[in-house]
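1 is the number of the first residue of the sequence shown in the UniProt record's numbering; add one for each residue after it.
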Amino acid sequence: MKEQKNKRADRKTTPLKNDTEDHIAQLEKDAIIKRQLRFQELLINISTKYINSDLVDIDKLVNDSLQQIGTFVESDRSYIFAYDFEKNTTSNTYEWCAEGITPEIQNLQNVPTEFIPQWLKAHRSGDPFYVEDVSLLPLDGEHGLRAILEPQGIKSLITIPKIKNNELIGFIGFDSVRKLNKYTENEKEILFVYANMLVNVIQRKENEERIKEQERKKEELLLSLSKRNEELNEYAHVVSHDLKSPLTNVHTLIHWYMEERKDNLTEEDLKSLNLVLLNVEKMDFLIKGILDYSTIDKLEEENQNIDFNLMLAELLQTILVPDHIKIVVQDPLPSICGNNWRFKQLFQNLIVNAIAYNDKESGLVEIGYTDKQEHYEFYIKDNGKGIKESYFERIFKVFNKLENTSSSSGIGLSIARKIVHYYKGEIWLESEEGIGTTFYFTLLKKRG
């Protein structure tokens, strides 16, 4: 009878015991899940800071995140190391220590990788290196791993490799000094995510610094080029100006000599003297071209609204137009804010060029424009000789010309392009040999 009562009691207590154990196990599982969720949330917050923060103070960002992660995983020291496989060393670059824990960053510079073969091997394989209890490591000499870790008071540690473009560049680590520390597989995976975040933020910083350095060098180069260009323009202006006076004197003296001795000069003498005058004129055109070219961007702005109809009418009165050349101007032309002299130079050089290279009995030069959204596209079209496509780019360079004539300095088209570029426009041409050429250029409607 007594045995039957005991059996009934066992049947009552056993289910209660199992329920309690299941309840405890469930609580433990819930606690682990909650901890993992909080860990992931912490990582998201750190990631958000990395994304939204200005990386000027990257050191503070990294140190703050080391403290946050280190505190969460209950480590006493968290750190970042960089590998240098050329020197086969590794160095501590960032470190956070809990209160009362001695920093080691100064003592851990250029540590030979041969001292840490175990975790280097793990890192090369893309795995973490984890020691739950340092005291259980083998005693493998004064340069062994245990001999390195124990003087730092480390009881447990975990190090996670940092991989950049499939290349091992360093690792993050967490030391436990006050107690042994155990890391779950899920925590290890989260630490890998953190390591990747560090790689990305540091890489972003490196890219920004590289861009800033490139911008700095670019700025220096532009300043240097601007200075040299200014010096060259100044030099060209001074030299051209100084040459102008003696050249005028030579021209005057030869004319005077020819006038005074005209009865005594032979045909051969006159031929030689006229050749000198021709070359003096060439030189004069060249000097004027250089002066004009070097003056384009030195003019005082004096910007005003220029009516292109009036400007062209004034200009055409100063250009010698042969009887067989007809010039047709679209009416009306627009008005643009700018410098009157520059605009006149631009149109003059292109119109004179169209006249000079027209070989037709009935030459035609057409001037007009098309209204685009933000700019005007002007054209100067002729029915002249045309230009080979291979010369399209060369003719815009200084001193390049299609024919060796005294009336051309070889600078006119260079000046035209310089003026167009000054006003942030573009210039180009279309041409067919024997048919004619059309020069196009754009000018902004409003200068920004």
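C-beta atoms are modelled at their ideal positions from N, C-alpha and C, and glycine is treated no differently. Please read these numbers as outputs of a predicted model, since none were measured by experiment.
- THR89 places its beta carbon 7 Å or farther from that of PRO103.
- Considering only ILE327, ASN305, LEU223, the residue with the shortest C-alpha distance to GLY363 is ILE327.
- Rounded to the nearest whole angstrom, the C-alpha separation of ILE154 and VAL134 is 7 Å.
- A contact is defined here as three or more CB-CB pairs under 8 Å, and the region 62-74 fails this definition with respect to the region 160-167.
- Residue range 117-124 is occupied by the alpha helix (DSSP H) that includes LYS121.
- Here DSSP, grouped into helix, strand and coil, assigns GLY368 to strand.
- Shown here for LEU149: same chain residues with a beta carbon closer than 6 Å to its own, the five before and five after excluded, namely VAL134 in chain order.
- DSSP places VAL328 in the uninterrupted beta strand (DSSP E) bounded by 325-329.
- Taking a contact to require three or more Cβ pairs closer than 8 Å, the region 375-394 and the region 343-360 qualify as touching.
- Its chain contains no residue whose beta carbon lies nearer than 6 Å to that of GLU393 once the 5 sequence neighbours on both sides are disregarded.
- Sixteen is the threshold: when 16 or more other Cβ atoms of the shown chains lie within 10 Å of the Cβ of GLY425, as they do, the residue is buried.
- Contact check for ILE254 against LEU277 passes: the beta carbons are separated by less than 7 Å.
- Distance from the CA of ALA195 to the CA of PHE441, rounded to the nearest whole angstrom, comes to 55 Å.
- Counted as a single uninterrupted DSSP element, the stretch harbouring PHE392 is not any alpha helix (DSSP H), since DSSP gives it neither H nor E.
- Comparing alpha carbon positions, the residue from MET311, GLU361, ASN305 closest to ASP323 is GLU361.
- SER414: member of the alpha helix (DSSP H) spanning 412-422, first to last residue.
- In the structure shown, VAL199 adopts helical secondary structure according to DSSP, grouped into three states.
- Within the DSSP secondary-structure output, TYR376 pairs in a beta bridge with ASP371, LEU443.
- The beta carbon of SER75 sits closer than 7 Å to those of PHE174, ASP175, SER176, ASN181, all from its chain and outside the five residues before and after it, given in chain order.
- ILE306 places its beta carbon less than 7 Å from that of GLY338.
- Rounded to whole angstroms, ASP57 and ARG124 show a C-alpha spacing of 31 Å.
- Of the residues assessed, TRP119 falls on the buried side of the cut-off, its CB having 16 or more other CB atoms within 10 angstroms.
- Taken atom to atom, the span from the alpha-carbon of ILE387 to that of TYR376 is near 25 Å.
- CA-CA distance, ASP84 to ARG38, rounds to 35 Å.
- Assignment of beta-bridge partners to ALA147 by DSSP yields no partner.
- In the DSSP assignment, LEU429 falls within the beta strand (DSSP E) that extends over 427-432.
- As for any alpha helix (DSSP H) of minimum length 4 sitting wholly inside the region 304-359, the runs are 308-318, 340-356, ordered along the chain.
- Looking at the DSSP output, ALA82 shares a beta bridge with SER91, GLY170.
- Ranked by how close their Cα comes to the Cα of ILE80, the residues GLN67, LYS87, GLU86, GLU95 have GLU95 in first place.
- Closest in alpha carbon position to ASN45, among ASP59, LYS60, ASN353, SER65, is SER65.
- For PRO161, the secondary structure class from DSSP, reduced to helix, strand or coil, is strand.
- Nearest Cα to ASN358 within the set ASP371, VAL62, THR438, GLN304: THR438.
- Note on ALA313: under 16 other CB atoms within 10 angstroms of its CB, so exposed under the neighbour-count rule.
- Here PRO138 is exposed, its C-beta having fewer than 16 other C-beta atoms within 10 Å.
- When C-alpha distances from ILE116 are compared across ALA147, GLN203, LYS397, SER224, the shortest belongs to ALA147.
- Annotation for LYS385: TYR357, ASP359 place their beta carbon closer than 6 Å to its own, counting only its chain and skipping 5 residues before and after.
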